[in-house]
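Numbering (our numbering), first residue to last: 50 to 270.
Some notes on the structure that comes next.
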């Protein structure tokens, strides 16, 4: 350890963090020049345009049908060292996680109840919780049940003026109220089934952070 520390101090070596499937990156100096992508696989070069600050690496790789996912993650780590891409802030990553969960919940509810009732449950749940978590007013729905986060809230996550803990608390309260209202319409068994299927889906997208969601508190007894 001491030898490694000395080598690092002398700039004889450099240390990079390995990229994980559910990490979210954004491009910072994207260029299509040969120099920028030298040593990077064609799959990774194609996926760079997918790194938009909202998409986990696993999804970006899937969209361009990456053939060697391990090589892809290694390439992203190299690009991060070159400062061509950078990992988003913890608050921004937390926002993406929770809005992805919300979108999956809404989609599954709409399949059973229909779009209009699912939308109504969400809006009532948000109205009930936004007094304690005022920033939730910036989380809404576009036409139908597509989750929309206002640009001012996204900017707050990028600047760090809202913390991951604040985001977790607000969405946690929203999810509890949403599930409570949903169970009054559907009963406990269908709601718990939706939660299980949502959790399984989220685990595939965010294997390292899916259990930041307190799933056990959402279960309807």
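Note that beta-carbon positions come from the ideal geometry of N, C-alpha and C, so glycine has one too.
Just so it is clear, the structure is predicted and the values come from calculations on it, not from any experiment.
C-alpha of residue 173 to C-alpha of residue 242: approximately 22 Å in a straight line. Residue range 73-76 is occupied by the beta strand (DSSP E) that includes residue 73. Taken atom to atom, the span from the alpha-carbon of residue 108 to that of residue 177 is near 33 Å.
In this structure residue 106 is in contact with residue 70, their Cβ atoms being roughly 6 Å apart against a cut-off of 8 Å.
In the DSSP annotation of this structure, the continuous segment of the beta strand (DSSP E) that includes residue 135 starts and ends at 134-136.
Using a Cβ distance threshold of 8 Å, residue 113 and residue 148 do not count as a contacting pair. Within its own chain, the residues whose Cβ lies closer than 7 Å to the Cβ of residue 146, once the five positions on either side in sequence are excluded, are 255, 258, 261, listed in chain order.
Here the C-alpha atom of residue 168 lies approximately 14 Å from the C-alpha atom of residue 224.
Here residue 197 is bridged, per DSSP, to 189. Close CB contacts of residue 235 within its chain, under the 6 Å cut and outside five residues either way in sequence, are absent. Rounded to the nearest angstrom, the Cβ distance from residue 244 to residue 268 is 6 Å, consistent with a contact under 8 Å.
In the DSSP assignment, residue 92 falls outside any beta strand (DSSP E) and lies within the alpha helix (DSSP H) extending over 91-96. Looking at 229, 171, 99, the one whose alpha-carbon comes closest to that of residue 191 is 171. Residues 167 of the same chain have their beta carbon placed closer than 6 Å to that of residue 158, with the five preceding and five following residues left out of the count.
Of the residues 121, 181, 154, 67, the one whose Cα lies closest to the Cα of residue 264 is 154. Around residue 219, the same chain offers 182, 185 as residues with beta carbons nearer than 6 Å, after the five sequence neighbours per side are excluded. Bounds of any alpha helix (DSSP H) do not take in residue 115, whose DSSP letter is neither H nor E. Going by DSSP, residue 102 is part of the beta strand (DSSP E) stretching over 101-105.
In this structure, the straight-line span from the alpha carbon of residue 142 to that of residue 216 is close to 10 Å. Contact annotation: residue 90 and residue 120 have beta-carbon atoms nearer than 8 Å. Between residue 150 and residue 196, the alpha-carbon positions lie close to 10 Å from each other. Between residue 67 and residue 128, the C-beta spacing is not below 8 Å.
Counted as a single uninterrupted DSSP element, the alpha helix (DSSP H) harbouring residue 161 occupies residues 139-162.
Shown here, residue 209 sits in coil according to DSSP, grouped into three states, outside any helix or strand.
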